[in-house]
Amino acid sequence: MNQENQANRNPWVSGALKLYVVLAYLFIFAPILASFVFSFNSDRFPTIPLGHFSTEWYRAVAADPLVWEGLRNTLLVGVVVGVISTALGFGAAYTDYRYSFMGKQLYMALALLPPTIPVVIMGLAMLAFLSRLNLSGDALAVIIAHVVICAPFAMAVIRLRLSQMDPSLEPAAWNLGASEWATMRHVIVPFCRPAILGALFVTMAVSFDEFAIAWFVSGLNETLPVKVLGFLQGQVSPRINAIGTFVFVISMTLLILAQLLLGRTAAKDKE
Amino acid sequence: MRRHVSLYGLTVSLPLLIWQLLFFVFPLVFLIALSFWTVRNFRMQPDFDTVNWITMYGRGIFWQAYATTLALATMAAVLTSIFAFPCAYAIAFKLPERAQRWAIMLMVIPFFTSYLVRIYSWQVFLSDAGIINVMLGWIGLGPYGLLNTPGATLLGYVTLALPLVVLLQLFSLIFIDRTLVEAAHNMRCGRLRTVFEVIVPSARVGLVIAGLFAFILSFGDFVSPIYLGGGDPTTLSILITDTTKSGQQWPRAAVIALTMIVTLMIVAFLSIRFAYRGRK
């Protein structure tokens with residue numbers, strides 16, 4: 001990968017560039033690490049030098065019934081969104097893999113574009129539209145909106161897996177007399193299983209952290225990130241760190257699970 | 001590739017199409033209709049009246065917010081691209097493959113952390129008694145008012161966009177034909193000249209698209225300008241949330257949203273044309 005011309009190698013420049021990479025990662029992870037550290041810090045107004053170690057913010061958060069309600073909403077929404085977006089994403093990925101038809105570019109645009117629309121605009125559009133259908137202010141509204149932005153992620157993850165499949169595998173099953181449905185069930189889905197689970201976890205993780213659209217449409221059924229936005233407005237500060245650390249651990253667990261699933265099958269395929 | 005329409009094919013393909021038409025396309029199209037509705041006695045009613053457009057476009061605050069948002073998002077796109085490039089370059093050309101994989105994996109993590117929590121964390125760094133001012137105090141400087149400044153807003157935008165921009169730049173740099181770079185070196189083209197005359201032009205499409213994404217993300221973000229920038233000067237995204245959440249002025253918020261969409265489409269069109277200029 002990095003066979004740069006030997007004559008042009010300057011250890012100073014390479015060293016400086018590597019140092020720059022370290023600094024860039026420090027910049028990106030500084031707020032995440034700081035939030036983790038301050039979640040265990042006793043001070044009401046977090047700064048340095050640190051106060052003493054304390055779990056009081058976790059206890060304060062755990063004692064707040066509204067936080068538990070938010071967590072319940074978040075989990076409910078996340079799981080339903082994960083299942084629906086993975087199903088829709090799988091269909092879209094398979095469509096792209098197998099079919100070519102007129103207007104396919106438009107189909108793919110609909111399948112991939114939603115995450116690029118700014119969330120304030122999506123939030124307003126969803127709020128206005130769903131309240132006409134008397135659906136806003138409901139967990140269902142958050143689910144509908146989140147599937148729109150999550151399905152593209154599921155589609156991307158599964159499409160990647162399909163492109164690793166031997167293209168003659170499906171026709172072979174048909175030639176042996178399997179129907180399209182049987183082939184789907186016994187060949188395609190098993191082959192994509194790790195990617196399907198991966199997509200499930202990735203979409204759940206995206207939904208867990210989405211606060212803007214949820215804030216617009218959720219009404220009184222706030223999800224946890226919307227609660228955090230409320231804390232940010234009300235300056236009830238260090239609790240944000242405790243919730244943030246907690247949600248970070250959940251998201252990372254989902255992400256690592258997805259990574260393990262996808263990594264293990266990639267290794268198995270190579271054997 | 002079989003071309004006939006089958007029940008099987010429709011069952012697989014249609015659900016996503018229907019969902020995105022119903023809940024993605026319709027709501028956006030509905031915004032257009034909504035922008036012509038009127039509000040009487042705090043109730044919206046279907047109408048065809050240009051009053052919202054005239055009211056919003058007649059307000060100084062709207063154009064001030066438009067200029068602020070455009071300037072801040074442009075600066076964020078440029079700054080993020082400049083900060084990201086040496087990092088993406090070093091990962092693409094200077095790191096062994098194993099370290100490269102780790103670097104990519106680490107860069108994905110920020111996407112799955114709460115942006116709100118990261119912004120709150122920057123507040124802790126920037127506030128008057130915050131980490132940075134305490135550290136400056138050790139060497140006898142400050143305290144400086146860092147929070148509630150346009151610079152703080154930009155910091156938030158860079159936080160939001162940097163991981164994506166590094167990854168997009170990285171993917172366009174990795175796929176550069178290495179023989180081009182070697183040829184440049186063999187012809188005794190200097191290091192910096194190789195970067196600017198060989199590497200940047202070959203990766204131009206990816207670099208421009210990365211900058212475009214930084215622009216889109218910053219243009220629509222309302223968290224950083226409120227909680228780091230202090231809401232002053234105001235941005236279009238703040239105007240939308242304020243107009244929506246206070247009172248029933250959704251039609252006016254729709255005017256702002258549509259103006260933003262058109263602006264984003266123009267910017268996207270121009271930058272993609274610039275990216276592919278001179279290419280076939």
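Those sequence lines, one after another, are chains A and B. Residues 1 to 271, numbered by the UniProt record's numbering, are exactly what the first sequence covers, in order. Residues 1 to 280, numbered by the UniProt record's numbering, are exactly what the second sequence covers, in order. Here a beta-carbon is modelled for each residue, glycine too, at the ideal position from N, C-alpha and C.
Other residues of its chain near residue i: CB distance less than 8 angstroms, five sequence neighbours each side excluded
i: B/Leu164; result: Phe111, Ala210, Phe213, Ala214, Leu217
i: A/Asn2; result: Because the pLDDT at A/Asn2 is just 43, under 50, the model does not fix this residue reliably, and the value given afterwards should be weighed accordingly. None.
i: A/Gly91; result: none
i: B/Pro251; result: Leu34, Ser35, Phe36, Trp37, Thr38, Val39, Met44, Asn52
For residue j and residue i, the rounded distance between their alpha carbons
i: B/Val267; j: A/Glu170; result: 43 angstroms
i: B/Val255; j: B/Arg101; result: 45 angstroms
i: A/His186; j: A/Leu176; result: 13 angstroms
i: B/Thr241; j: A/Gly263; result: 41 angstroms
i: B/Val158; j: B/Leu79; result: 8 angstroms
i: A/Leu261; j: A/Leu197; result: 8 angstroms
i: B/Gln248; j: B/Asn41; result: 9 angstroms
i: A/Trp57; j: B/Val198; result: 53 angstroms
i: B/Val25; j: B/Arg193; result: 46 angstroms
i: residue 293 of chain B; j: B/Ala99; result: In the structure as shown, chain B begins at 1 and stops at 280. Residue 293 of chain B is therefore absent and cannot be evaluated.
i: B/Ala129; j: A/Thr47; result: 7 angstroms
i: A/Arg72; j: B/Ile18; result: 29 angstroms
i: B/Ser35; j: A/Ala199; result: 37 angstroms
i: A/Gly82; j: A/Thr203; result: 5 angstroms
i: B/Met33; j: A/Gln233; result: According to the sequence shown, residue 33 of chain B is Ala rather than Met. Each residue's Cα considered, the two are about 32 angstroms apart.
i: A/Val228; j: A/Thr183; result: 46 angstroms
i: A/Val142; j: A/Val217; result: 6 angstroms
i: A/Phe36; j: A/Ile84; result: 32 angstroms
i: A/Pro49; j: B/Leu16; result: 53 angstroms
CB contact below 7 angstroms: residue i versus chain A
i: B/Met1; result: Summary for B/Met1: the model assigns pLDDT 47, below 50, so the residue's position carries little reliability; its value from the coordinates is reported in the next sentence. So, interface residue.
i: B/Ala129; result: yes
i: B/Tyr276; result: no
i: residue 297 of chain B; result: The displayed coordinates of chain B run from 1 to 280. Any statement about residue 297 of chain B would go beyond what the structure contains.
i: B/Val208; result: no
i: B/Ser246; result: no
i: B/Phe42; result: no
i: B/Ser35; result: no
i: B/Ile61; result: no
i: B/Leu160; result: no
i: B/Ser224; result: no
Residues that residue i contacts on chain B, provided the C-beta gap is smaller than 8 angstroms
i: A/Leu110; result: Leu16, Leu17, Gln20, Leu21, Phe24, Val25
i: A/Thr223; result: Simply none; closest approach about 12 angstroms.
i: A/Trp181; result: Tyr8
i: A/Leu17; result: Pro86, Tyr89, Ala90, Lys94
Spatial neighbours of residue i in its chain, beta-carbon cut-off 7 angstroms, leaving aside the 5 residues before and after
i: B/Cys87; result: Val166
i: B/Tyr8; result: none
i: A/Ala205; result: Ser251, Leu254, Leu255
i: A/Met165; result: Phe191
i: B/Tyr73; result: It should be noted that the sequence gives Ala, not Tyr, for residue 73 of chain B. If we look at B/Ala73 and ignore the five residues flanking it on each side, its Cβ neighbours are Phe215, Ser218, Phe219.
i: B/Met75; result: Leu154
Below-7 angstroms beta-carbon distance, residue i vs any chain B residue
i: A/Leu76; result: no
i: residue 283 of chain A; result: No information on residue 283 of chain A is available, as it lies outside the stretch 1 to 271 that chain A covers here.
i: A/Gln6; result: Bear in mind that a pLDDT of 47 at A/Gln6, under 50, signals an unreliable position, so the model cannot answer this.
i: A/Pro46; result: yes
i: A/Val80; result: no
i: A/Phe246; result: no
i: A/Ile213; result: no
i: A/Ser14; result: yes
i: A/Val148; result: yes
i: A/Ile188; result: no
i: A/Val21; result: yes
i: A/Ile28; result: yes
Under 7 angstroms from the C-beta of residue i: neighbouring residues of chain A
i: B/Gly220; result: Pro118, Val119, Val120, Ile121
Interface residues of chain A facing residue i [CB-CB closer than 8 angstroms]
i: B/Trp250; result: Leu124, Leu127, Ala128
Contacts that residue i makes with chain B (C-beta to C-beta distance below 7 angstroms)
i: A/Gly91; result: Val12, Ser13, Pro15, Leu16
i: A/Leu38; result: Here residue 38 of chain A turns out to be Phe, not Leu, going by the sequence shown. Simply Val124.
i: A/Thr95; result: Val12, Ser13
Chain-ordered neighbours of residue i on chain B, where CB pairs are closer than 9 angstroms
i: A/Ser35; result: Thr113, Ser114, Val117, Arg118, Tyr120, Ser121, Val124
Nonlocal neighbours in the same chain, by C-beta distance under 6 angstroms from residue i, ignoring five residues either side
i: A/Val249; result: none
i: A/Ile149; result: Pro114, Pro115
Partner residues on chain A for residue i, Cβ-Cβ distance less than 9 angstroms
i: B/Ile32; result: Within chain A, no residue comes near B/Ile32; the closest Cβ sits about 10 angstroms away, beyond 9 angstroms.
CB contact below 7 angstroms: residue i versus chain D
i: A/Ile250; result: Given the protein chain composition of this structure (A and B), no chain D is represented.
Are there three or more Cβ pairs, one per stretch, closer than 8 angstroms when the region 40–58 of chain B is compared with the region 181–201 of chain B? The region 40–58 of chain B is not in contact with the region 181–201 of chain B.
Whether or not the region 129–144 of chain A and the region 97–105 of chain A are in contact is what I'm after, with contact meaning three or more pairs of Cβ atoms, one per stretch, closer than 8 angstroms; do they touch? no
Below 8 angstroms, can you find three or more Cβ-Cβ pairs linking the region 57–74 of chain A to the region 121–137 of chain B? no
Does the region 70–81 of chain A come close enough to the region 219–233 of chain A that 3 or more CB-CB pairs lie under 8 angstroms? yes
Counting pairs of Cβ atoms below 8 angstroms between the region 48–67 of chain B and the region 143–153 of chain B, do you hit three or more? no
Do three or more CB pairs link the region 223–233 of chain B to the region 112–124 of chain B at distances below 8 angstroms? yes
So, do the region 24–41 of chain A and the region 97–116 of chain A have three or more beta carbon pairs nearer to each other than 8 angstroms? no
Could you check whether the region 228–237 of chain B touches the region 167–177 of chain B, counting it as contact only if at least three pairs of C-beta atoms, one from each stretch, sit closer than 8 angstroms? They do not touch, by the three-pair rule.
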